[in-house]
Amino acid sequence: MNSPKLGATIVSTLVACGVTDVVLAPGSRNAALALALHDADFSGRIRLHVRIDERVASFTALGLAKGADKVVAVVTTSGSAVGNLAPAAMEARAAGIGLLLITADRPAEVIGTGANQTGEQVGAFGPTVLATVRLSSLTDDTALWGAAVQRAHVMASGRRSRRPGPVHINAEFSPPLTGPIPEVAVTAAEVHGSDGVTVYETPDAQRTVVLVGDASRDVGMEARALAELSGLPLFAEPSSNARTGTHAVAQYRLLLDSALGTEIQRVICFGHPSLSRPVTALLSRRGVDVVVVSDRADWNDLGSHAVAVVDRVLVPDGDPEWLERWRSADRALGKERASLAGWDGHAVAAAVVASVGPGGQLFFGSSQSIRDADLCPISQRPARVWANRGLSGIDGTLSTATGVALATGDPTTLLLGDLTLQHDIGALVAPPLEPGCDIRVVVVHDDGGAIFSTLEQGAPEHELAFERVFGTPQGVDLAAVASALGWRTTTVTGEEELLAALASPVRGREMLVARLTRRGRRAAEAVLKDLGKRA
Ligand SMILES: Cc1ncc(C[n+]2csc(CCOP(=O)(O)OP(=O)(O)O)c2C)c(N)n1
Ligand SMILES: [Mg+2]
Numbered sequence: 004m005n006s007p008k009l010g011a012t013i014v015s016t017l018v019a020c021g022v023t024d025v026v027l028a029p030g031s032r033n034a035a036l037a038l039a040l041h042d043a044d045f046s047g048r049i050r051l052h053v054r055i056d057e058r059v060a061s062f063t064a065l066g067l068a069k070g071a072d073k074v075v076a077v078v079t080t081s082g083s084a085v086g087n088l089a090p091a092a093m094e095a096r097a098a099g100i101g102l103l104l105i106t107a108d109r110p111a112e113v114i115g116t117g118a119n120q121t122g123e124q125v126g127a128f129g130p131t132v133l134a135t136v137r138l139s140s141l142t143d144d145t146a147l148w149g150a151a152v153q154r155a156h157v158m159a160s161g162r163r164s165r166r167p168g169p170v171h172i173n174a175e176f177s178p179p180l181t182g183p184i185p186e187v188a189v190t191a192a193e194v195h196g197s198d199g200v201t202v203y204e205t206p207d208a209q210r211t212v213v214l215v216g217d218a219s220r221d222v223g224m225e226a227r228a229l230a231e232l233s234g235l236p237l238f239a240e241p242s243s244n245a246r247t248g249t250h251a252v253a254q255y256r257l258l259l260d261s262a263l264g265t266e267i268q269r270v271i272c273f274g275h276p277s278l279s280r281p282v283t284a285l286l287s288r289r290g291v292d293v294v295v296v297s298d299r300a301d302w303n304d305l306g307s308h309a310v311a312v313v314d315r316v317l318v319p320d321g322d323p324e325w326l327e328r329w330r331s332a333d334r335a336l337g338k339e340r341a342s343l344a345g346w347d348g349h350a351v352a353a354a355v356v357a358s359v360g361p362g363g364q365l366f367f368g369s370s371q372s373i374r375d376a377d378l379c380p381i382s383q384r385p386a387r388v389w390a391n392r393g394l395s396g397i398d399g400t401l402s403t404a405t406g407v408a409l410a411t412g413d414p415t416t417l418l419l420g421d422l423t424l425q426h427d428i429g430a431l432v433a434p435p436l437e438p439g440c441d442i443r444v445v446v447v448h449d450d451g452g453a454i455f456s457t458l459e460q461g462a463p464e465h466e467l468a469f470e471r472v473f474g475t476p477q478g479v480d481l482a483a484v485a486s487a488l489g490w491r492t493t494t495v496t497g498e499e500e501l502l503a504a505l506a507s508p509v510r511g512r513e514m515l516v517a518r519l520t521r522r523g524r525r526a527a528e529a530v531l532k533d534l535g536k537r538a
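Whatever position you read off the sequence shown (first residue = 1), add 3 for our numbering.
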């Protein structure tokens, strides 16, 4: 019975967002929405307007939105009904009017099967809409649905973008389509707009941490300053530009699984966290208040339950004991890990991070290297850091790092995996007539995708298939390839050799190939997780 719940959640969220008027064109796939709207109208929470023709309905919504200067929603059933919203949507886009085009759809699996009244609805409005938000009744999570509808409302209003316009919400309803209308409690996040910078004050600093994902230098510095001024633990990913100073907790990723991790009550989140499951779990944990600090029209809210989306945040002074507990847990864990140290990805990442200081640029490839760097000791002389964490691809990494080197003119160090480098092997070619740069590429050459051995597919039951479909060793002599293309290359097989190679300044095009094995990765990760849990 999730369709009635989805319908009720959409309507309750619209009400929570301040929508006062909704226009409905009836049908059967949108029955849950129709009933929830009728109920909301009946109880005085919304004004419902019913029109049989979708084109009339949508232009009526447009007029209501213009007249009231508010976002108005128009709701249709599936099929050609959707196309009839296009003219009003086009006008809304050109005139900058906030419209929510809410279209009911069939479940994704039946699209293209000839199922009745079923066509391609996602993308039906092309570039006319500012965004498309997709919902499915099968998800059965009112918090996720509500957050998505609120995001659509904020985008349509232009509150953060200064670009109001139409936004499409396509909602897949699975049978049964009707049923008792459930009461759904929705609390909309406090989302600050673009009308001047606003400051959000948290009521207290109770068990609060600052978390920084991939972020620009400015955002990273702001996050670090907040942690230090308010006395809060700082959890900073390697490309956050915040992983420095006295408040950064080096092994926060492991400690999140400890008893201390369960005590967290609030997360102030900057940038785009993307590296680890414990972080996603923290941001999704019910009962943890997430405050997103972002000046973007599209903000990151991984758990879809931020209580606030704000430009700036003020937190009262934190409890020094809370900070100290994190610091001492980190120190103790660091000591335990020291006894496990060997020639592995962690050793390479730590050496590379320590080798680049202010004035240098440090770029991380996706996959295991950046995750290894996420457990490195905190650098007190950090470089400016970068990574392609938008979609975490292993494509184009050397090309992007080369672009950073060219743009900044600074010596640039790139740490990446062997498959990541092979993905962008064409970037090893340096066109002789083009400006050059100083770039050092450190390849963790474990001949294949180490990351997969730490994931579900690395479990013993997939052993037969693993190397062929996940590990994918290519057996390429990367040093030979690079030297053939004019790079100075050094192959290192131990920490001393690596440190010696990293000690020289970055000049011209240089590649350090750190040879190591993928064997033992899964077991080592299990040991680390266990240490974290018991910390
Ligand atoms: C463009 C792209 N294709 C595929 C993937 C999936 N993927 C993630 S990590 C990885 C393997 C990376 O191996 P390597 O660069 O050697 O790093 P390691 O994990 O061994 O350190 C792959 C194929 C991706 N993220 N991006
Ligand atoms: Mg590899």
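Glycine included, each C-beta is placed from N, C-alpha and C at the ideal position.
Checklist entry - Does the beta-carbon of Thr265 have 16 or more other beta-carbons within 10 angstroms, so that it is buried, or is it exposed? => result exposed
Checklist entry - Assuming Gly234 contacts His275 under a Cβ cut-off of 8 Å, what Cβ separation, rounded to an integer in Å, is found between them? => result So it is not a contact: roughly 25 Å between Cβ atoms.
Next on the checklist: Report the CB separation of Val310 from Val296 in whole angstroms; it is logged as a contact under 8 Å.
Outcome noted: 12 Å between Cβ atoms; not a contact.
Next on the checklist: Which residue wins for smallest C-alpha separation from Gly21, given the options Gln364, Val194, Ile184, Thr135?
Outcome noted: Val194
Next on the checklist: By the DSSP assignment, the beta strand (DSSP E) with Phe238 in it spans what residues?
Outcome noted: 237-239
Checklist entry - Would you say the beta carbon of Val78 comes nearer than 6 Å to a heavy atom of ligand 1? => result no
Next on the checklist: So if DSSP puts Arg269 in a beta bridge, which residue, or which two residues, is it bridged to?
Outcome noted: Thr211, Asp292
Next on the checklist: Taking 6 Å as the cut-off, is the beta-carbon of Asp421 closer than that to any non-hydrogen atom of ligand 2?
Outcome noted: yes
Checklist entry - Where do the ends of the alpha helix (DSSP H) carrying Asn33 lie? => result Neither: Asn33 is in no alpha helix (DSSP H) and is coded neither H nor E.
Next on the checklist: ligand 1 and Ser370: does any heavy atom of the ligand fall closer than 6 Å to the residue's C-beta?
Outcome noted: yes
Checklist entry - Could you give the residue range of the beta strand (DSSP E) that holds Pro169? => result Counting along the chain, the beta strand (DSSP E) containing Pro169 begins and ends at 169-175.
Item to check | the region 330-350 contacting the region 518-532, beta-carbon criterion three pairs below 8 Å | outcome: yes
Next on the checklist: Here's the rule: buried if 16 or more other CB atoms are within 10 angstroms of the residue's CB, otherwise exposed. What is Ser486?
Outcome noted: exposed
Checklist entry - Between which two residues does the alpha helix (DSSP H) containing Thr121 stretch? => result First-last for Thr121: undefined, no H or E at that position.
Checklist entry - How close, in whole Å, do the beta carbons of Arg31 and Thr80 come, if the pair is a contact with beta carbons under 8 Å? => result Looking at the sequence provided, one finds Ser at residue 31 rather than Arg. The pair is a contact, with the Cβ atoms about 6 Å apart (cut-off 8 Å).
Checklist entry - Opposite Ile100 in the DSSP bridges: which residues? => result Paired residue(s): none; Ile100 is not in a bridge.
Checklist entry - With respect to the alpha helix (DSSP H) encompassing Ser61, which residues constitute its N-terminal and C-terminal limits? => result 57-71
Item to check | Reference Val351, options Arg518, Thr493, Ile55, closest by Cα | outcome: Between Val351 and the set Arg518, Thr493, Ile55, the nearest pair of CA atoms involves Arg518.
Checklist entry - Are three or more beta carbon pairs between the region 36-54 and the region 87-97 nearer than 8 Å? => result no
Checklist entry - So Gln477 is in the beta strand (DSSP E); what residue range does that whole segment cover? => result Counting along the chain, Gln477 falls outside any beta strand (DSSP E), and DSSP gives it neither H nor E.
Item to check | Phe469 (DSSP reduced to helix, strand or coil) | outcome: helix
Item to check | Residue from Val359, Ser197, Ala43 whose Cα sits closest to the Cα of Ala300 | outcome: Ser197
Item to check | Identified DSSP bridge partners for Gln364 | outcome: Arg387, Thr415
Checklist entry - Is it true that the region 179-193 meets the region 109-116, where meeting means three or more beta-carbon pairs spaced less than 8 Å apart? => result With a cut-off of 8 Å on Cβ pairs, the region 179-193 is not in contact with the region 109-116, counting fewer than three such pairs.
Checklist entry - With 7 Å set as the bound, which would you pick, yes or no: does the beta-carbon of Gly101 sit closer than that to a beta-carbon of chain B? => result As a matter of chain content, chain B is missing from the structure shown, which is built from one protein chain.
Next on the checklist: I believe Thr190 touches Arg269 by the beta-carbon criterion, under 8 Å. Please report the beta-carbon distance rounded to the nearest angstrom.
Outcome noted: Contact flag wrong, Cβ pair sits at about 16 Å.
Item to check | Any non-hydrogen atom of ligand 1 closer than 6 Å to Asp449 Cβ | outcome: yes
Next on the checklist: Our contact map puts Ala408 next to Asp441 with C-beta atoms below 8 Å; I'd like the distance itself, whole angstroms only.
Outcome noted: 7 Å
Checklist entry - What does Val78 pair with, by DSSP beta-bridge criteria? => result Leu27, Ile105
Next on the checklist: What I want to know is whether the C-beta of Ala506 ends up closer than 6 Å to one or more non-hydrogen atoms of ligand 2.
Outcome noted: no
Item to check | Proximity of Thr496 and Ala482 at Cβ, strictly below 7 Å | outcome: No. Outside cutoff.
Item to check | With 16 other Cβ atoms within 10 Å as the buried cut-off, status of Gly117 | outcome: exposed
Item to check | Extent of the continuous beta strand (DSSP E) to which Ile373 belongs | outcome: Premise fails: Ile373 lies in the alpha helix (DSSP H), 371-376, not in any beta strand (DSSP E).
Checklist entry - Rounded to whole angstroms, how far is the Cβ of Gln254 from the Cβ of Asp333, which I believe are closer than 8 Å? => result Between Asp333 and Gln254 the Cβ distance is about 6 Å, and since that is below 8 Å, they are a contact.
Checklist entry - Heavy atom of ligand 1 less than 6 Å from the Cβ of Asp144, yes or no? => result no
Checklist entry - Where does Asp217 sit, in a helix, a strand or coil, going by DSSP? => result strand
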